[in-house]
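Student:
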Amino acid sequence: MRYIVGYTPDQRGAEAIALAASIARTQDAHLDLVHVLDNPRPEDAGFPERGVQEILTGNAKVWLEEALAMLPPDVAAQTHLRYAESFAEGLMEVAAEVDAGLIVIGAAKRGVLKHFTIGTVANTLLHTSPVPVALAPSGYESSSSITRITCAVGGREGASELLKVAVDSSSRRHVPLRLISLLAVDESHAKDANQFQFAKTKDRIEELVATAAASANTDVTSVLAQGSTIEDAIENLQWNDDEIVLIGSSRLAEGRKLFLGRTAYKMLHELPVPMIVVPRDYGLNL
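Residue numbers (our numbering): 321 to 606.
Here it is as structure tokens:
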């Protein structure tokens with residue numbers, strides 16, 4: 321298994337490396353540390369642009385060596401310097417070339433501590449990437465390894481593919497799997513309507529737990545969190561610093577592509593732990 325790490329010489333890059341190392345350790349994955357510069361390559365540039373590109377290239381090579389030094393000795397890695405039209409495009413190109421199973425990036429620099437702020441690179445990847453994208457929240461520090469996987473499932477049909485990825489990922493890593501469902505309670509609705517929605521969602525998540533437990537070789541639990549909003553429901557959940565959350569792409573996404581829906585965006589801004597967004601119909605391992 322190979323993971324792409326989008327590296328920049330700042331806190332965001334360090335957080336991406338910390339997250340990638342934690343995930344890689346749980347299954348001996350190989351990391352590909354990638355820095356992307358705007359086209360053209362120095363040899364393809366004219367004067368005086370060539371001189372500028374040569375300086376940028378020299379700096380980038382130094383940064384990548386510094387990135388390698390940040391990794392613990394038990395994590396295998398190599399570096400790539402890519403020229404592309406955008407940082408996101410460069411990451412996806414390398415991911416395709418090495419058949420990577422994950423792209424890992426950090427949150428935007430202005431993110432609130434332990435929360436996400438979506439920058440340009442993340443936004444592009446979260447709407448176009450053909451492989452899962454992992455995001456490290458601002459302030460993330462590496463743990464020795466991931467010790468729990470949480471999978472966000474809704475009350476509607478369509479969670480089966482994401483559930484398979486979650487079961488496989490937790491089983492291979494021998495870590496517990498927690499299924500969560502978030503329910504925003506509309507106080508303007510009648511009490512009976514809210515109770516009906518709660519019961520319907522509860523039945524659905526219990527079905528998913530039974531399905532997951534039948535094929536998982538690890539513990540499977542579930543939590544149905546309520547709040548006046550999705551954000552409130554997230555705050556009512558307990559989180560471990562060494563866990564990751566899996567969420568699925570929107571139904572609007574094309575096959576094997578990412579596209580975030582409204583609920584996913586709300587989760588993204590409130591979660592205090594790393595998140596991995598899985599493309600629709602993604603049937604491969606993480």
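Here a beta-carbon is modelled for each residue, glycine too, at the ideal position from N, C-alpha and C. Bear in mind that the values here come from a model prediction, so they are computed numbers and not experimental data.
Which of the three DSSP states is assigned to V418 in this structure?
Tutor: helix
Student: Using 8 Å as the cut-off, can you tell me whether the segment 337 to 351 makes contact with the segment 460 to 468, which would need three or more C-beta pairs spanning the two stretches below that distance?
Tutor: yes
Student: On the three-pair Cβ rule with 8 Å, is the segment 485 to 504 touching the segment 548 to 565?
Tutor: yes
Student: From the DSSP output, in three-state form, read off H447 for me.
Tutor: helix
Student: Which residues in the same chain have their Cβ closer than 6 Å to the Cβ of T541, if we skip the five residues on either side of it in sequence?
Tutor: R498
Student: Cα-Cα, which of F518, S489, D352, S480 is closest to T531?
Tutor: Closest option to T531, Cα to Cα, is S480.
Student: Tell me the residue span of the alpha helix (DSSP H) that contains V505.
Tutor: That residue, V505, is in no alpha helix (DSSP H); it is neither H nor E in DSSP.
Student: Once the 5 residues before and after T583 are set aside, which same chain residues still bring their CB inside 8 Å of it?
Tutor: G474, L502, I550
Student: Enumerate, from N- to C-terminal direction, the unbroken alpha helix (DSSP H) stretches of 4 or more residues contained entirely within the segment 361 to 407.
Tutor: You should have 369 to 390.
Student: Please state the DSSP three-state secondary structure of R332.
Tutor: In the structure shown, R332 adopts helical secondary structure according to DSSP, grouped into three states.
Student: Hey, would you say I337 sits closer than 8 Å to L376, going by beta carbons?
Tutor: No, they are not a contact pair.
Student: DSSP three-state label for G459, please.
Tutor: coil
Student: How big is the Cα-Cα spacing for N359 and A404?
Tutor: 5 Å
Student: So, at 8 Å on beta carbons, what are the nonlocal neighbours of A420 in its own chain, with the 5 sequence-adjacent residues on each side left out?
Tutor: R322, Y323, I324, D352, V414, V451
Student: Quick check: S491 and T444, are their CB atoms within less than 8 Å of each other?
Tutor: It is not a contact, given that the beta carbons lie outside the stated cut-off.
Student: Which first and last residues belong to the alpha helix (DSSP H) in which H589 is found?
Tutor: 582 to 590
Student: Under a Cβ-count criterion, where at least 16 other Cβ atoms within 10 Å of its own Cβ denotes burial, should T380 be classed as buried or exposed?
Tutor: One point to set straight first is that residue 380 is Ala, not Thr, in the sequence displayed. With 16 or more other Cβ atoms within 10 Å, it is buried.
Student: What first and last residue would you give for the alpha helix (DSSP H) that runs through L482?
Tutor: 480 to 493
Student: How many angstroms separate the CA atom of N560 from the CA atom of A408?
Tutor: Their backbone Cα atoms lie some 29 Å apart in a straight line.
Student: What ranges does the alpha helix (DSSP H) occupy inside the segment 511 to 551, keeping only unbroken runs of at least 4 residues that lie completely in it?
Tutor: Within the segment 511 to 551, the complete alpha helix (DSSP H) runs of at least 4 residues are 511 to 535.
Student: Can you say whether V354 is buried or exposed, counting buried as having 16 or more other CB atoms within 10 angstroms of its CB?
Tutor: buried
Student: Is it buried or exposed, V382, if we count other Cβ atoms within 10 angstroms and call 16 or more buried?
Tutor: exposed
Student: From I438, R402, S449, pick the residue whose C-alpha is nearest to that of L422; which is it?
Tutor: S449
Student: According to the Cβ coordinates, are P393 and P592 closer than 8 Å?
Tutor: no
Student: Taking Cβ to Cβ, would you say A472 is nearer than 8 Å to M587?
Tutor: yes
Student: Grouping DSSP H, G and I as helix and E and B as strand, with all else coil, what is T346?
Tutor: Coil.
Student: Got a sec, what are the start and stop residues for the beta strand (DSSP E) G568 sits in?
Tutor: 563 to 568
Student: Just tell me which of T440, I469, L483 has its CA closest to the CA of A534.
Tutor: L483
Student: Within a Cβ cutoff of 6 Å, which residues of the same chain sit near A349, ignoring the five residues on either side of it in sequence?
Tutor: M321, Y323
Student: Enumerate in chain order the residues of its own chain whose CB-to-CB distance from L528 is below 8 Å, with the five nearest sequence positions on each side excluded.
Tutor: V473, A479, L483, L499, S542
Student: Helix, strand or coil: which one does DSSP assign to T470?
Tutor: strand
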